[in-house]
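First comes the structure, then the notes that go with it.
Protein chains: 2
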Amino acid sequence: MASLRLDDQLCFGLYAASRAVTSLYRVVLEDLDLTYPQYLVMLALWERDHRLVKELGAELNLDSGTLSPLLKRLQTAGLVFRNRQADDERSVRVSLSDAGKALRTKAEGIPDVIGTAMNLDDAGVARMRAELDRLTESVNAYREALAPA
Amino acid sequence: MASLRLDDQLCFGLYAASRAVTSLYRVVLEDLDLTYPQYLVMLALWERDHRLVKELGAELNLDSGTLSPLLKRLQTAGLVFRNRQADDERSVRVSLSDAGKALRTKAEGIPDVIGTAMNLDDAGVARMRAELDRLTESVNAYREALAPA
DNA sequence: CGCAACTCAGTTGTGCACAACTAATTTGAG
DNA sequence: CTCAAATTAGTTGTGCACAACTGAGTTGCG
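From first to last, the protein sequence lines stand for chains A and B.
Position 24 of the first sequence, counting from 1, maps to 896 under the working numbering, and the rest follow consecutively.
Position 101 of the second sequence, counting from 1, maps to 973 under the working numbering, and the rest follow consecutively.
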């Protein structure tokens, strides 16, 4: 039987944990002049370059209202450029500049720093990640049913 | 050995889960005309009324830069009022209005809805909550050491 | 073909999160 | 007692998250 007590609620724990992690990233990413969402976009591009805005949005679950200004800032910072597709003028392809590619080296140590801070072994990380993914999917499915897109 | 792959990272799972939950709350809270952070403040006040802004900040880990405008909106909505303390003119005490107290009834069913959406039994919730709290504390301690307040 | 429905990126407006700052007040060391 | 340091709430500015919308471009049905 769930209550209205703040302490009982998983959602608050999630909210607090997410903000704590973001705030650690803020410190760690200061050196790269990136925010955490910008870092996520760079991660996606380091994994696979030359992506459409739509593809980035699908991977990160972000819409153009968030991505467009963010990408514009990354472009201003000289890390990416954007080109309208010739074959479909609606689409925009995002590519890493040399500076954007080079930044990867500076980012190489970050996952270990975060891992250390979390104080979890690989198995713990994998298990928690799996639980969170399951939670996300379950919650999204429920919301979808409540308020169809 | 941590990598820069998006899929491996616990932090992204956390970020995605937190946003999924918030987005479910958006639907559920529509009826109460509250945002999720506003709901958290109301939860805190339903538990204990007549709190100082400082106390709310400590419980929710939010500073006055976030709380002041949020509380102003709750006041405009007629749910709370704010009074400077007589014995310490720096402090402001936040109290529920009758409408604010009454809103609790409408909120009563929310935790169960969220619980259902998460599809976790009580034990699962408790375990996950404990893990998240441990993670938050560990990460905050690390950040504190890296960048002392 | 013609055009209505859809797709994609971008814009606008609201609210949160947070750093950096201000202003008013209180506290406490000397 | 005095005044410098600390405390408290609020303000300002930046960036994210997201709903609602716009406008350009594409698709496909009749």
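C-beta atoms are modelled at their ideal positions from N, C-alpha and C, and glycine is treated no differently.
Small disclaimer: the values here were computed from a predicted structure and weren't measured.
Residue i versus residue j - alpha carbon distance
i, j, result
"residue 971(A)", "residue 953(A)", "11 Å"
"residue 935(A)", "residue 913(A)", "13 Å"
"residue 989(B)", "residue 883(A)", "11 Å"
"residue 887(B)", "residue 895(B)", "12 Å"
"residue 929(B)", "residue 944(B)", "15 Å"
"residue 1020(A)", "residue 898(B)", "13 Å"
"residue 874(A)", "residue 976(B)", "14 Å"
Any C-beta of chain A under 7 Å from that of residue i
i, result
"residue 987(B)", "yes"
"residue 974(B)", "no"
"residue 888(B)", "yes"
"residue 874(B)", "yes"
"residue 959(B)", "no"
Chain-ordered chain B contacts of residue i [CB-CB under 7 Å]
i, result
"residue 885(A)", "1001, 1004 and 1005"
"residue 1008(A)", "888, 889 and 892"
"residue 896(A)", "1011, 1014 and 1015"
CB contact check: residue i to chain B, cutoff 7 Å
i, result
"residue 1014(A)", "yes"
"residue 991(A)", "yes"
"residue 940(A)", "no"
"residue 913(A)", "no"
"residue 995(A)", "no"
"residue 916(A)", "yes"
Assigned secondary structure, residue i (DSSP; H/G/I helix, E/B strand, else coil)
i, result
"residue 920(B)", "coil"
"residue 965(B)", "strand"
"residue 955(A)", "strand"
"residue 960(B)", "coil"
"residue 885(A)", "helix"
"residue 877(B)", "coil"
"residue 992(B)", "coil"
"residue 1020(A)", "coil"
"residue 980(B)", "coil"
"residue 934(B)", "coil"
"residue 950(B)", "coil"
Per-residue burial, residue i [other beta carbons within 10 Å of its own, 16 or more giving buried]
i, result
"residue 910(A)", "buried"
"residue 955(A)", "exposed"
"residue 1008(B)", "buried"
"residue 890(B)", "buried"
"residue 1002(B)", "exposed"
"residue 917(A)", "buried"
"residue 957(A)", "exposed"
"residue 892(A)", "buried"
"residue 992(A)", "buried"
Chain-ordered chain A contacts of residue i [CB-CB under 8 Å]
i, result
"residue 899(B)", "1015, 1018 and 1019"
"residue 966(B)", "Under the 8 Å cutoff, chain A gives no residues; its nearest Cβ is about 15 Å from residue 966(B)."
Chain-ordered neighbours of residue i on chain A, where CB pairs are closer than 7 Å
i, result
"residue 919(B)", "877 and 878"
"residue 882(B)", "990, 997, 1000 and 1001"
Partners in chain B for residue i, counting only beta-carbon separations shorter than 9 Å
i, result
"residue 936(A)", "In chain order: nothing, as chain B lies at least about 16 Å away."
Contact list for residue i against chain A, beta-carbon separation under 9 Å
i, result
"residue 904(B)", "Ordered by position in chain A, no residue passes the 9 Å Cβ test against residue 904(B), which lies about 12 Å from the chain."
Listed by chain order, chain B residues near residue i by CB distance under 8 Å
i, result
"residue 979(A)", "876"
"residue 970(A)", "The premise fails here: residue 970(A) is roughly 18 Å from chain B at the closest Cβ pair, so nothing lies under 8 Å."
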